[in-house]
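Read through the structure below, which is laid out as structure tokens, and then see the notes.
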Amino acid sequence: MPKPAYHILVCTNQRPPGHPRGSCGENNAMEIFEKIGMGIEQKNLFGKAMLTTTGCMGPCSMGPVVVVYPDGVWYKGVKADDVEEILESHIINGKKIERLEISDDMWG
Numbered sequence: 004m005p006k007p008a009y010h011i012l013v014c015t016n017q018r019p020p021g022h023p024r025g026s027c028g029e030n031n032a033m034e035i036f037e038k039i040g041m042g043i044e045q046k047n048l049f050g051k052a053m054l055t056t057t058g059c060m061g062p063c064s065m066g067p068v069v070v071v072y073p074d075g076v077w078y079k080g081v082k083a084d085d086v087e088e089i090l091e092s093h094i095i096n097g098k099k100i101e102r103l104e105i106s107d108d109m110w111g
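My numbering applies: residue 4 is where the sequence shown begins, and numbers increase by one.
This is the structure in structure tokens:
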């Protein structure tokens, strides 16, 4: 397998129900992970994109969080309906999706 151009990380951390920080897992992060994986397969993006789950990446209240490297773009509140746009716009065409991006000023 060639070195992929993009590495997509999906936080799937799961905290107990009612935890004050919440978690990406309780916001359907595994569904996002599975849909991205299926999209990579359907669009024949093997070698262009690699997909990995992660534990907590920090901005729990903004989850599910998806990060795309090497661009260092962090996406917040990703829903299943956003996956197609992430793959088409960012992975295939190299254009980040600003409406989903965690901007620098959101980090506080």
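Note that CB positions come from ideal geometry on N, CA and C, so glycine has one too.
Beta-carbon proximity list for residue i, same chain, < 8 angstroms, skipping 5 on both sides
{"i": "V76", "result": "V70, H93, K99 and E104"}
{"i": "F36", "result": "V13, T15, L54 and T56"}
{"i": "R24", "result": "R18, C63 and S64"}
{"i": "I39", "result": "I11, V13, L54, V69, V86, I89 and L90"}
{"i": "L48", "result": "G42, L90, I94 and I95"}
Identity of the residue in the options nearest residue i by Cα
{"i": "T57", "options": "S26, K82, E101 and A8", "result": "S26"}
{"i": "P7", "options": "N96, A52, I95 and G66", "result": "A52"}
{"i": "I43", "options": "I95, D108 and M109", "result": "I95"}
{"i": "V81", "options": "R102, Q45 and K46", "result": "R102"}
{"i": "P59", "options": "G21, H22, S106 and G28", "result": "Contrary to the premise, residue 59 reads as Cys rather than Pro in this sequence. Per the Cα distances, G28."}
Cut-off 6 angstroms between Cβ atoms - residues of its own chain near residue i, not counting five sequence neighbours on either side
{"i": "M33", "result": "T15"}
{"i": "D84", "result": "none"}
Sequence-distant residues of its chain with Cβ nearer than 7 angstroms to residue i (five each side left out)
{"i": "N30", "result": "G66 and P67"}
{"i": "D74", "result": "K99"}
Whole-Å CB distance - residue i paired with residue j, under 8 angstroms assumed
{"i": "Y9", "j": "Y78", "result": "Contact doesn't hold; Cβ gap of about 13 angstroms is too wide."}
Residues that residue i bridges to, as DSSP identifies them
{"i": "C14", "result": "T57"}
{"i": "E104", "result": "Y78"}
{"i": "V71", "result": "I11 and V76"}
{"i": "A32", "result": "Bridge partners of A32: none, in fact."}
{"i": "A52", "result": "Y9"}
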